[in-house]
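Per our numbering, residue 8 is the first one in the sequence shown, and the count goes up by one each step.
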Amino acid sequence: MVEMTLEDALATAAERHSKGDTETAIAIMRQLLTACPNFAPAQHGLVVMLAGKGETAEAVVLMFLATRMTRDPMILTQLLRLLNDVKAHVNLIDACEEFQDIFGEAPYVLNLWGHTLNGLSRFAEALPLLERARIASPGNPLILHNLSSSL
Numbered sequence: 008m009v010e011m012t013l014e015d016a017l018a019t020a021a022e023r024h025s026k027g028d029t030e031t032a033i034a035i036m037r038q039l040l041t042a043c044p045n046f047a048p049a050q051h052g053l054v055v056m057l058a059g060k061g062e063t064a065e066a067v068v069l070m071f072l073a074t075r076m077t078r079d080p081m082i083l084t085q086l087l088r089l090l091n092d093v094k095a096h097v098n099l100i101d102a103c104e105e106f107q108d109i110f111g112e113a114p115y116v117l118n119l120w121g122h123t124l125n126g127l128s129r130f131a132e133a134l135p136l137l138e139r140a141r142i143a144s145p146g147n148p149l150i151l152h153n154l155s156s157s158l
């Protein structure tokens, strides 16, 4: 049997996935994570593949783990987008609360967080977040719309 580096195995999985062989790609990613549970690129790749197949529950759990491990703003942004796409409002709010130190005053995240709270009729919580988003991105029409919705 040929020995592969983690990067080679990751590249093989990505190639299989790009050719439509998602099941094999997912199996490779799972083997990678069994051998090296903290290998963030494999976690991220597996999340992308699972979300693409509609297996969002497992994808969300893995994305939370990857974000906790790496504290990477890019992975956090993808987590928030995934949670927003699948309408996992409570999980999105939990993620925003847990990872505030990563995104700071990023208007996209503050707006998404505030918008989600508005959707749950939690206007008093949404207002300060949307105000911070407005300050960080003055004149942004989406932020202004969401801000007016919370008043």
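Where a beta carbon is used, it is the ideal one built from N, C-alpha and C, also for glycine.
Contact under 8 Å by Cβ, residue i with residue j
i: Ala133; j: Leu119; result: no
i: Thr63; j: Leu83; result: no
i: Gly121; j: Ser157; result: yes
i: Glu112; j: Arg139; result: yes
i: Ile35; j: Thr19; result: yes
i: Asn98; j: Val67; result: yes
i: Cys103; j: Val93; result: no
8 Å contact criterion, which residue i and residue j should meet: CB distance rounded
i: Leu127; j: His96; result: 6 Å
i: Glu65; j: Leu57; result: 5 Å
i: Pro53; j: Phe46; result: Checking the displayed sequence, the identity of residue 53 turns out to be Leu instead of Pro. Going by Cβ atoms, the distance from Leu53 to Phe46 rounds to 10 Å, so no, they are not a contact pair.
i: Leu86; j: Ala49; result: Between Ala49 and Leu86 the Cβ distance is about 16 Å, and since that is not below 8 Å, they are no contact.
i: Ile150; j: Leu136; result: Incorrect: roughly 10 Å between the Cβ atoms, too far for contact.
i: Thr31; j: Arg37; result: Thr31 to Arg37, Cβ: 11 Å. No contact.
i: Ile109; j: Pro145; result: So it is not a contact: roughly 23 Å between Cβ atoms.
i: Lys60; j: Thr29; result: 6 Å
Extent of the continuous alpha helix (DSSP H) run through residue i
i: Val54; result: 47 to 59
i: Ser25; result: 13 to 25
i: Arg37; result: 29 to 42
i: Ala143; result: 130 to 143
i: Gly126; result: 114 to 126
i: Asn147; result: That residue, Asn147, is in no alpha helix (DSSP H); it is neither H nor E in DSSP.
i: Phe106; result: No alpha helix (DSSP H) contains Phe106, which DSSP labels as neither H nor E.
- Give, in chain order, every unbroken run of the alpha helix (DSSP H) that is at least 4 residues long and sits entirely within the segment 67 to 103. 80 to 92
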